[in-house]
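Protein chains in written order, with the working numbering: chain Y, 1 to 287; chain H, 288 to 452. Just so it is clear, CB atoms sit at the ideal spot from N, CA and C, and this is done for glycine as well. Nothing here was measured: the structure is a model prediction, and the numbers come from that model. Following: one structure in structure tokens, then a few remarks.
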Amino acid sequence: MIPAAFEYVRPSTVDEALRALADGGEDAKILAGGQSLIPVMRLRLAAPSTVVDLTRVSELRGVREDGDALVIGAMTTHSDVVSDPLIAQHAPLIAQATETVADRQVRHRGTFGGALAHADPAGDLPAVALALDAEFVLAGAGGRRTVPAREFFVDYLTTALAEDEILVEVRVPKLAGQWGMHYEKFNRVAQAWSIVAVAAAVRREDGHIAEARIGLTNMGPTPLRATATEQALAGATAGADAIAGAAAHAAEGTAPSDDLNAKADYREHLARVLTRRAVTAAAGIQG
Amino acid sequence: MTQISVRVDGVTYTDEVEPRTLLVHHLRERLGKVGTVVGCDTSNCGACTVHRDGEAVKSCTVLAVQADGSEVTTIEGIAQNGSLHPMQKAFHEMHGLQCGYCTPGMIMASIDLVADNPDPSEHEVREGIEGNLCRCTGYQNIVRAVQQAAAEMRGSTPDTLGAQA
């Protein structure tokens with residue numbers, strides 16, 4: 001199908017984009033890589049009156065270091081994220097999860113910021129951003145503000161972004177110490193969304209797990225932290241039994257949906273199994 | 288209407304398009320590049336895959352206006368001086384198609400894969416073309432074709448690959 005007609009605006013700076021968004025009113029929509037928006041426009045599930053295409057806003061593209069943070073421009077494509085040396089060095093979890101997003105063609109177009117702003121509960125990157133305590137920099141007419149990941153994801157497909165704001169970059173704190181990371185994803189067929197996935201970052205110290213951060217994909221309307229598991233892992237021996245015991249708490253406090261792919265109780269089971277696998281791999285021990 | 292200028296298979300075309308025009312429709316209906324096909328219309332099947340500035344994209348999920356100023360290569364633009372591209376030749380020789388509908392996209396996705404990974408394993412080929420669906424499920428020979436083409440493109444002879452018995 002063909003999308004409904006719209007006004008097309010292609011700004012080249014963030015300020016121009018903000019003006020275009022304001023001029024477009026409440027039916028204006030930002031187009032990043034388009035790999036989620038164009039399909040829903042084709043199905044006429046979305047019919048924005050104005051589309052503000054960020055493709056030419058070059059200041060939104062690329063990865064840089066800023067002190068203790070890795071800064072990822074919102075328009076950096078998934079394929080650029082996968083091959084970026086700074087991400088490989090400081091946050092390999094992001095590259096590993098991004099490599100599982102959709103397929104090569106989609107990763108060439110789709111963007112890091114677009115996937116996060118879309119906030120699909122089955123999307124892989126929100127749980128990763130949450131696990132890494134990323135911060136979201138939002139630009140609006142009144143200036144910029146920074147929102148922590150815990151506050152950015154508000155509800156199903158809903159973020160802290162106001163209608164007149166644009167996600168410009170994501171700041172990921174560089175982790176100090178001996179960290180291991182792993183993204184464990186379960187889906188049924190090629191290029192499919194996660195039924196459940198788990199993002200784990202684990203800091204080891206003297207044979208123990210000093211700290212674990214675990215993000216859950218598709219275990220509720222927003223990404224969630226497996227808080228009970230994190231608490232059980234803090235100070236635990238880095239061994240299979242302790243990890244299995246902690247992972248048994250992974251579904252606590254979650255609210256997964258029932259749908260054609262999986263019933264809620266099956267998702268809870270997956271969360272426990274995948275958390276055990278993800279933490280085991282991140283802790284660098286034999287499962 | 289928005290004016291766009293796109294270089295397609297080596298020729299620059301300047302046209303007025305509606306912003307909602309999908310690149311695949313622009314290619315087929317305005318420029319006559321009907322070698323690129325529409326398979327699913329839901330961004331899943333990859334039949335419409337073309338290269339935009341050297342990277343495989345699904346042309347049903349790119350607006351024509353987004354291709355403005357870029358270089359697009361379709362299945363019609365990869366043969367050189369009447370000789371098939373090694374990937375086309377390998378799909379032919381290894382019988383990497385049944386009904387043939389997915390073939391233009393399979394070939395464009397496979398060229399993109401081999402550009403990144405000149406010697407992909409069978410598993411890497413299957414992962415690398417996961418964005419392309421063959422409704423005939425003829426994947427076995429498609430994978431063989433990609434590996435044969437990869438070998439030819441890096442200048443070596445495959446030793447373990449054989450046509451389907």
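DSSP three-state label for residue i, please.
i	result
Y:I94	helix
Y:D265	helix
H:Q367	strand
H:Q427	helix
Y:R44	coil
H:I291	strand
H:A450	In this predicted model, H:A450 has a pLDDT of only 44, less than 50, meaning its place in the structure is not dependable; the value taken from the coordinates is given anyway. Correct three-state label for H:A450: coil.
H:E417	coil
H:T299	strand
Y:L132	coil
H:V359	strand
Y:R276	helix
Y:T229	helix
Y:L125	helix
Around the C-beta of residue i, are 16 or more other C-beta atoms found within 10 angstroms, so that it is buried, or is it exposed?
i	result
H:H379	exposed
Y:L43	exposed
Y:P85	exposed
H:V298	exposed
H:S292	exposed
Y:V154	exposed
Y:P223	buried
H:H410	exposed
Y:Y8	buried
Y:I2	exposed
Between the options, which has its C-alpha nearest residue i's C-alpha?
i	options	result
Y:S79	Y:W179, Y:A127, Y:Q105, Y:L224	Y:Q105
H:C335	H:R413, H:G369, H:P407, H:G392	H:G392
Y:K185	Y:A20, Y:T100, Y:A283, Y:E268	Y:T100
Y:A139	Y:V168, Y:M41, Y:T159	Y:V168
Y:L54	Y:A281, Y:G73, Y:G67	Y:G73
Y:A4	H:M288, H:P306, H:D302, H:V295	H:P306
Distance cutoff 8 angstroms, beta carbons only. Does residue i sit that close to anything in chain H?
i	result
Y:P223	no
Y:H78	no
Y:T55	yes
Y:R144	no
Y:I285	no
Y:F153	no
Y:R203	no
Does residue i get closer than 8 angstroms to chain Y when you measure Cβ to Cβ?
i	result
H:G415	yes
H:S330	yes
H:Q451	Residue placement at H:Q451 is poorly supported in this model, since its pLDDT is 41, which falls under 50; the coordinates are not used for a value here.
H:L310	no
H:Q385	no
Can you check the segment 146 to 221 of chain Y for any beta strand (DSSP E) of at least 3 residues that lies completely inside it and give the ranges in chain order? 153 to 155, 166 to 173, 179 to 186, 196 to 205, 208 to 217
Could you pull out every unbroken alpha helix (DSSP H) segment of at least 4 residues lying fully inside the segment 61 to 121 of chain Y, listed in chain order? The segment 61 to 121 of chain Y contains these whole alpha helix (DSSP H) runs: 78 to 82, 85 to 90, 92 to 98, 104 to 109, 112 to 118.
Ignoring anything shorter than 4 residues or poking outside the segment 371 to 399 of chain H, list the alpha helix (DSSP H) runs there in chain order. 373 to 380
Ordered list of beta strand (DSSP E) runs contained in the segment 303 to 343 of chain H, each at least 3 residues: 336 to 339
Uninterrupted beta strand (DSSP E) stretches inside the segment 5 to 56 of chain Y (no shorter than 3 residues): 7 to 9, 28 to 31, 50 to 53
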